Amino acid sequence: MSNHLSDRIKNMSTSATLAMAAKARELRNEGKDIIGLSLGEPDFNIPDFIKESAKQAIDENFSSYTPVDGYAELKKAIALKFKRDNGLDYGLNQIVVSTGAKQSLYNVAMVVLNPGDEVILPAPYWVSYSDIVKLAEGVPVEVSTGIDTDFKMTPAQLEAAITPKTRMIWFSSPCNPSGSVYSKAELEGLAEVLKNHPDIYVVSDEIYEHINFVGDHVSIAAIDGMYDRTVTVNGVSKAFAMTGWRIGYIGAPEWIAKGCTKLQGQVTSGANSIAQRAVITALEAPVNKIQYMIDEFHKRRDLVLGLLGEIEGFNLNIPEGAFYVFPDISAFFGKTLNGTTINNASDFALYLLENANVATVTGEAFGNPNCIRISYAASEKELKEAIARIKAVL
Ligand code: PMP
Ligand code: GLU
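Under our numbering, read the sequence shown as residues 718 to 1111, first letter to last.
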């Protein structure tokens, strides 16, 4: 049979984070001692109080289809969370629960973009943004940033990237992959530019909101003039270590929320019922219940920065949140190490995998060809061992 794969899928890249994780798994199954620092996945167990509420939901027979946009009780808990943590007032008609924040992002792209609409992505950006935008027939417009601005887009860069076709801006803060956190003043600077462009919408991906080592998280929707033009995306994968439960959500202008509900009514019918019940419990809990995980990530960040800083050729910013470091390793380009010539970040990541048995992800997947991403959502022991191995092969 010939292969009739659609052009849409042929033209799409495979998720580099998931691909690297799969490769690491494969090598491990072959008996190799691989340390996986490629996937952004907390290595903690889900807190027991959340597990208990899932068990209770099974016993109480929450097994039917849920409302397409999520249980009303969950949407109420999300509305309260937005108010408590972000100072945002979203009505229940503005909230949609989906199968992971990834689906929330996909929904928004499909609902807002027409073919040819441009979406500004400050690079480095999270790996899936550009392919999700392309799937919706939008055009990603990358704005490159470097260590000099802590990988953050300046108002002048934003202004220069805007064209009559710009429809949206997508960014994450704390940022995957750079760990950068936009301050209130920096967000105000971007909002100031947008005042002159009233038809541009913002997707603010705040999934790492709680994993923030510098203090208060600021939502751009809370900045003057931004509420009606921002989609605030969040989820439970990171803060509550619930990656496999697949629950994400948005707070958005009502017309966008309605469009997302219409779309997922035809595609998934709504998110998993048991997971939704458990997330009510997770969101209603005081944030200090997960502080131990955040403290641990903070400690590991300092450890990793210290150890990587000792390796010549690694140029690092100081990530203020999330659980990644994103070193610029371009000093190695053109060099030959143990017989392998390193021409780019992909060569470098492959070299580390094959020679040090350490899985990382090339920065190319995040729109920055000079860096690699290292996830420090791993134990201290693994991190120390991985970095010692990296040092040895360089
Ligand atoms: N946004 C960012 C920035 C992420 O790192 C992730 C990681 N998975 C997601 C969205 C998607 O999260 P989820 O597991 O809720 O789909
Ligand atoms: N967000 C995580 C990462 O960037 C998980 C993988 C994924 O969803 O692509 O590694």
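For every residue, glycine included, the Cβ atom is placed at its ideal position computed from N, Cα and C. What you are looking at is a predicted structure, and each value in this text was computed from that prediction instead of being measured.
| Item | Value |
| --- | --- |
| For W962, the first and last residue of its enclosing alpha helix (DSSP H) | Counting along the chain, W962 falls outside any alpha helix (DSSP H), and DSSP gives it neither H nor E. |
| Span separating the alpha-carbon of L838 from that of V813 | 23 Å |
| Euclidean distance between Cα positions of L980 and I1104 | 45 Å |
| Sub-8 Å separation of K772 and L1000 beta-carbons | no |
| Range covered by the beta strand (DSSP E) that runs through T949 | 947-952 |
| Any alpha helix (DSSP H) of 4 or more consecutive residues that is wholly inside the segment 743-807 | 765-776, 789-803 |
| Proximity test, A1076 beta-carbon vs the ligand PMP heavy atom, cut-off 7 Å | no |
| Residue span of the beta strand (DSSP E) that contains I972, given as start and end | Looking at the sequence shown, residue 972 is not Ile but Trp. Unbroken run through W972 is the alpha helix (DSSP H), 971-984; no beta strand (DSSP E). |
| Sub-8 Å separation of P891 and G1038 beta-carbons | yes |
| Sub-8 Å separation of A1095 and T1079 beta-carbons | no |
| Beta-carbon proximity of V858 to T734, cut-off 8 Å | no |
| The ligand GLU heavy atom lying under 7 Å from the CB of T1079 | no |
| Validate contact between the segment 906-913 and the segment 770-785 using beta carbons, cut 8 Å, 3 pairs | no |
| Run of the alpha helix (DSSP H) containing V829, from where it starts to where it stops | 818-829 |
| Contact check, I997 vs A794, beta carbons under 8 Å | yes |
| Distance between I917 and E747 (C-alpha atoms, nearest Å) | 49 Å |
| Under 8 Å between C-beta atoms of M737 and V829 | no |
| Any non-hydrogen atom of the ligand GLU within 7 Å of T816 CB | no |
| Distance cut-off 7 Å: N893 Cβ against heavy atoms of the ligand GLU | yes |
| Cβ-based neighbour list, V1021, same chain, cut-off 8 Å, excluding 5 preceding and 5 following | V1042, I1091, Y1093, L1100, I1104 |
| Simplified DSSP assignment, three categories, for Y701 | Because the chain spans 718 through 1111 in this model, residue 701 falls outside it and cannot be assessed. |
| Buried/exposed call for A877, threshold 16 Cβ in 10 Å | exposed |
| Contact check, A840 vs T862, beta carbons under 8 Å | yes |
| Contact under 8 Å by Cβ, G855 with A826 | yes |
| Near the ligand PMP: T960 beta-carbon under 7 Å from a heavy atom | yes |
| Cα-Cα separation, N1005 to Y807 | 23 Å |
| Distance cut-off 7 Å: G757 Cβ against heavy atoms of the ligand GLU | yes |
| 7 Å CB neighbourhood of D760 in its chain, flanking five on each side removed | A1094, A1095, S1096 |
| Whole-number beta carbon distance between A939 and N803, since they are thought to touch under 8 Å | 6 Å |
| V844 beta carbon near the ligand GLU (any heavy atom closer than 7 Å) | yes |
| Beta-carbon proximity of V950 to I967, cut-off 8 Å | yes |
| Coarse secondary structure for D1012, derived from DSSP in three states | helix |
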